[in-house]
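Asker:
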Amino acid sequence: NHLDIDSINWLEGFLKTYQGSIFFVTHDRMFMTHLATKIVELDRGKLFSWTCDYNTFLERKQAALEAEANQREEFARKLSQEEAWIRKGIKARRTRNEGRVRALERMREEKKAQRQLTGQVRMA
Numbered sequence: 068n069h070l071d072i073d074s075i076n077w078l079e080g081f082l083k084t085y086q087g088s089i090f091f092v093t094h095d096r097m098f099m100t101h102l103a104t105k106i107v108e109l110d111r112g113k114l115f116s117w118t119c120d121y122n123t124f125l126e127r128k129q130a131a132l133e134a135e136a137n138q139r140e141e142f143a144r145k146l147s148q149e150e151a152w153i154r155k156g157i158k159a160r161r162t163r164n165e166g167r168v169r170a171l172e173r174m175r176e177e178k179k180a181q182r183q184l185t186g187q188v189r190m191a
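Counting in this note's numbering, the sequence shown runs from 68 upward without gaps.
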């Protein structure tokens, strides 16, 4: 946070030649771009490891978020269809397809669990 440009450049050069592992937490995107070879991310209570540079991480993360959004949309569409089927279904058909009703209940529980997913971190 408190280094001037020359000091940051020196530090980057020094760390690039270091043979061991380095764990750093930073908000400096250029520093990450120049040094990171593996990124560990905590997102919604899950830990993800990305073995790549920072720019590649951003691309892969965006693709993962888009895929997740598509899955959520597909899940919501299927849930909506199942709920519509339940509302329209006649009793005879409803009793014959109790498995489908149970599947709908599981989907509702899954959706509820997704909303409640949060993460906590304690660092000492």
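Built from N, CA and C at the ideal position, the CB exists for glycine as well.
1. Taking Cβ positions, are F115 and E108 nearer each other than 9 Å?
2. With burial defined as no fewer than 16 other Cβ atoms inside 10 Å of the residue's Cβ, what is the status of A103: buried or exposed?
3. Can you look up S147 in the DSSP assignment and give me helix, strand or coil?
4. Specify, as a first and last residue, the run of the beta strand (DSSP E) that F115 falls within.
5. Looking only at DSSP bridge pairs, what is L109 linked to?
6. Closest to K145 by C-alpha separation, out of E177, T118 and K128, would be which residue?
Answerer: So, from the listed chains and residues:
1. Here residue 115 is taken as the residue at index 48 of the sequence shown, counted from 1. Here residue 108 is taken as the residue at index 41 of the sequence shown, counted from 1. Yes; because the gap between Cβ atoms is below 9 Å, this pair is in contact.
2. Counting from one through the sequence shown, the residue named residue 103 turns up at place 36. Classification for A103: buried.
3. As a first step, residue 147 must be located in the sequence shown, where it is residue number 80. S147: helix per DSSP, three-state reduction.
4. Your numbering for residue 115 matches position 48 in the sequence shown. Residues K113 to W117.
5. For the purposes of this step, residue 109 is identified with residue 42 of the sequence shown, where counting begins at 1. L114.
6. In the sequence shown, counting from the first residue as 1, residue 145 sits at position 78. Nearest of E177, T118 and K128 to K145, Cα basis: E177.
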